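See structure below.
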Amino acid sequence: MSVELLAMVAVLPILVALILMVGMRWPATKAMPLAWLVCAVSGILVWGLSPGYVAALTLQGIVTAIGVLIIVFGAILILFTLEKSGGMETIQYGMQNISRDKRVQAIIIGYMFAAFIEGAAGFGTPAALAAPLLLALGFPAMAAAIICLVFNSFPVSFGAVGTPIVMGLSPLKPILDAGVADGGMTYAAFYKIVGEYCTMMHIPMAFILPVFMLGFMTRFYGPNRTWSEGFSAWKYCIFAGVCFSVPYFIVAWTLGPELPSLIGGLIGLGILIYGTKRGFCVPETTWDFGPHEKWDASWTGSIAASGKTEFHPHMTQFRAWLPYAIIGLILVLTRIPELGLKAWLASFKLSFVDILGYQGVSASIDYLFLPGTIPFTLVAILTIGLHSMKANDVKDAWTTTFAKMKAPTIALFAAVALVSIFRGSGVNDAGMDSMPLALAKTLAALTGEAWPALASYVGGLGAFITGSNTVSDLLFAQFQWDMATQLKLSKEIIVAAQAVGGGMGNMICIHNVVAVCAVVGLSGSEGMIIKKTFWPFLLYGIIVGIIACGLVF
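Note that the UniProt record's numbering gives residue 5 to position 5 of the sequence shown, counting from 1, and the numbers run on in steps of one.
Pasting the structure below:
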């Protein structure tokens, strides 16, 4: 069967998911199991996969999904623990004193705080942590989810201490190692250059995206429905962009791809809050979402946004923010390999090798290394003592958290099982390309010399399918290398476009959308969110394509 026909079949599960969730507004709990079924049947009938192998791949996906659900559980638990302890209202009180302007709060929490968390932890953690915080500050759940998903893009290629680049590009290591003897560059030198090009493609969006998203927020969720109210905060957005981008750029070009997002987010957050308290570039007028009773019903879900206009402290700001500070500290200490804690925590795992007897179909749960366990759940337990919580409040926080896990569990089991079949379809007796590779090859054949303008969308497609920038790079890094070789283009630039695309794809990937919907109480609204985040995703790819073409030609 030709690669074009394979691509037409491979795209069917994606189309089913999009049509049902975006077009027909089905919840992911119903749409994703059906998409999984289409994928499983396609694998059996077209790729010749045995039913047993498809079952093994499905179980592999379910095991992987449990890891994602542990992160979601921990993020929800932190939210409800702080709500019950009084810590969240104290934080709300403190944020009011920094600024009551929701545009400013969106940048501080959704942009800068989330960038720091991405640099330290990655894997969907930032949106799952920042979105509930915005919800507690009075944001509509839908607005909070979209803002955090979209802003979790430009830090992602350097997230989890550089994992998407350092580990994601590892399929290229044998090729580069083979050429070292002939004077070629080492793998470490290659991925450092890729990281440098990544900053050149990401940084323009670190300035454009906040302006666009504030306009988007005021247009679709503001009382006056205008773009101009968001755009009017452009000076503050530029200030935030400088605070993040300068250390981000310097670290990438001097130290490599491991720490740009972490350092950029940490230094940027400190400078941004300092400047905001002193009114630097802060909008002259204060903007809010308006009275809750005038909000559209689709904006909110099962977890209500804070309706208070005045907050009162229940403790000191230090005590209220201490759980988040401990989370940040633990993430840093456990993600830097040289400190030793990363390897130690990662050694604790529940492994499933050769599932159902199929060689190579394996999965594991790093139950201590997952941020949902350490630090989220650990810090939630520590907060009981730190905030002197009552037993009934602790019980309520845990009970509510477990109750919120039903919908995301169903959706993620199906979504990640689909991904597992997608990736595993390449192991077949006919020697056919895997589903994602068939899609990528067909797209490449249609574009030809225009490839630099579109290469990032393949990275985005990989993230959309797999839910991970790292996995997207693992899938398509060599394909992008081969495309660059065939078209006689710079391999570093084309591979960088792939890595950037994987970052921007985080805003539309089903894993992240399901996870964020779960933590803000919007399970069932995944299609509506993807419909909104698609436009900034498209804009991102256009800008990256222009830059890639400029660098190549």
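Every residue gets a Cβ at the ideal spot worked out from N, C-alpha and C, and that includes glycine.
Fair warning: this is a prediction, and the values are worked out from it, not measured in the lab.
Would a C-beta distance cut-off of 7 Å place P13 and G162 closer than the cut-off? No, they are not a contact pair.
Beta-carbon proximity check, V16 vs S42, cutoff 7 Å: No, they are not a contact pair.
Proximity of G74 and D429 at Cβ, strictly below 7 Å: The beta carbons of G74 and D429 sit no closer together than 7 Å.
Residues of its chain near S298, where Cβ-Cβ distance is below 8 Å and the 5 sequence neighbours each way are ignored: Non-local C-beta neighbours of S298 in its own chain, meaning closer than 8 Å and more than five positions away in sequence, comprise M142, S525, M528, ordered along the chain.
Among the candidates A363, F154, Y367, A145, whose CA atom is the shortest distance from the CA of A346? The option with the nearest alpha carbon to A346 is Y367.
Closest residue to K441 among F464, A484, Y358, S468 (Cα-Cα distance): Considering only F464, A484, Y358, S468, the residue with the shortest C-alpha distance to K441 is A484.
Pick out whichever of A380, G424, V419, L539 has its Cα sitting closest to the Cα of Y457. The closest CA to that of Y457, considering only A380, G424, V419, L539, is found on L539.
Could you tell me if L418 is buried or exposed, where buried requires 16 or more neighbouring beta carbons within 10 angstroms of its beta carbon? That one is buried.
Considering only DSSP beta bridges, list what S362 is partnered with. BP columns for S362 are empty, so no partner.
Would the beta-carbon of Q60 fall within 7 Å of that of V361? Contact: yes.
Could you check which residue in L439, L266, F220, G550 has the C-alpha nearest to that of K531? That would be F220, whose Cα lies nearest to the Cα of K531.
Give every residue of the same chain whose Cβ lies closer than 7 Å to the Cβ of V211, excluding the five residues on either side of it in the sequence, and list them in chain order. Its chain contains F231, W234, C237 as the residues whose beta carbon lies nearer than 7 Å to that of V211, once the 5 sequence neighbours on both sides are disregarded; these appear in chain order.
Of the choices F207, G275, P155, A320, whose alpha-carbon is the least far from that of I263? Closest by alpha carbon: P155.
Tell me, to the nearest whole angstrom, how far the beta carbon of T470 is from that of M167; I am working on the premise that it is less than 8 Å. About 6 Å; that satisfies the 8 Å criterion.
Less than 6 Å separating the Cβ of A252 from some heavy atom of the ligand SAH? The ligand SAH is not part of the structure shown, which contains no ligands of any sort.
Distance, Cα to Cα, Y408 vs L522? According to the sequence as given, residue 408 is Pro; it is not Tyr. So the alpha carbons of these two residues sit roughly 10 Å apart.
How about P33 and A515: are their beta carbons less than 7 Å apart? It is not a contact, given that the beta carbons lie outside the stated cut-off.
Name the residue from I71, D473, V104, L149 whose alpha carbon lies nearest to the alpha carbon of E284. Proximity to E284 across I71, D473, V104, L149 peaks at V104, based on C-alpha coordinates.
Our contact map puts residue 559 next to I108 with C-beta atoms below 8 Å; I'd like the distance itself, whole angstroms only. It is not possible to answer for residue 559, since the shown part of the chain is limited to 1 through 553.
Measure from the alpha carbon of Y53 to the alpha carbon of each residue in Q359, M24, F537, F151, then state which is nearest. Comparing Cα-Cα distances from Y53 to each of Q359, M24, F537, F151, the minimum goes to Q359.
Could you give the uninterrupted runs of the alpha helix (DSSP H) lying entirely in the segment 132-158, keeping only those of 4 residues or more? Segments of the alpha helix (DSSP H) lying fully in the segment 132-158: 141-151.
Using DSSP with H/G/I as helix, E/B as strand and the rest coil, what is F476? F476: helix per DSSP, three-state reduction.
With 16 other Cβ atoms within 10 Å as the buried cut-off, status of H312: Label assigned to H312: exposed.
Check the Cβ-Cβ distances between G256 and every residue of chain D, and say whether any is below 7 Å. Of the protein chains in the structure, only one exists, and it is not chain D.
Indicate whether Y111 and A252 have their beta-carbon atoms separated by less than 7 Å. Here Y111 is not near A252, since their CB atoms are 7 Å or more apart.
Cα-Cα, which of T533, K406, F422 is closest to K30? Of the listed residues, the one whose Cα sits closest to K30 is K406.
How should D473 be labelled, buried or exposed, when 16 other C-beta atoms within 10 angstroms of its C-beta is the threshold for buried? When all chains shown are included, D473 counts as buried.
Residues near I384 by beta carbon distance below 7 Å, same chain, minus five either side: Excluding sequence neighbours, I384 sits near V394.
Within 10 angstroms of the Cβ of K491, are there 16 or more other Cβ atoms? Answer buried if so, exposed if not. With 16 or more other Cβ atoms within 10 Å, it is buried.
Every unbroken alpha helix (DSSP H) within the segment 41-125, with a cutoff of 4 residues, ordered by chain: Listed in chain order, they are 51-85, 87-98, 102-105, 114-120.
Within its chain, find whatever has a CB closer than 7 Å to the CB of S228; leave out the 5 residues flanking it on each side and keep chain order. Taken in chain order, the list of residues that qualify is empty.
Identify whether S351 lies in helix, strand or coil by the three-state DSSP scheme. When DSSP states are grouped into helix, strand and coil, S351 belongs to the strand group.
Cutting at 8 Å between CB atoms, please list the residues of its own chain near S50, excluding the five before and the five after it. Cβ within range, chain order: I44.
From L382 to L487, what does the alpha carbon distance come to, in whole angstroms? Cα atoms of L382 and L487: separation of roughly 56 Å, rounded to the nearest angstrom.
Would you mind reading off the limits of the alpha helix (DSSP H) that contains H202? That run of the alpha helix (DSSP H) goes 187-221.
Assigned secondary structure, S490 (DSSP; H/G/I helix, E/B strand, else coil): Here S490 sits in coil by DSSP.
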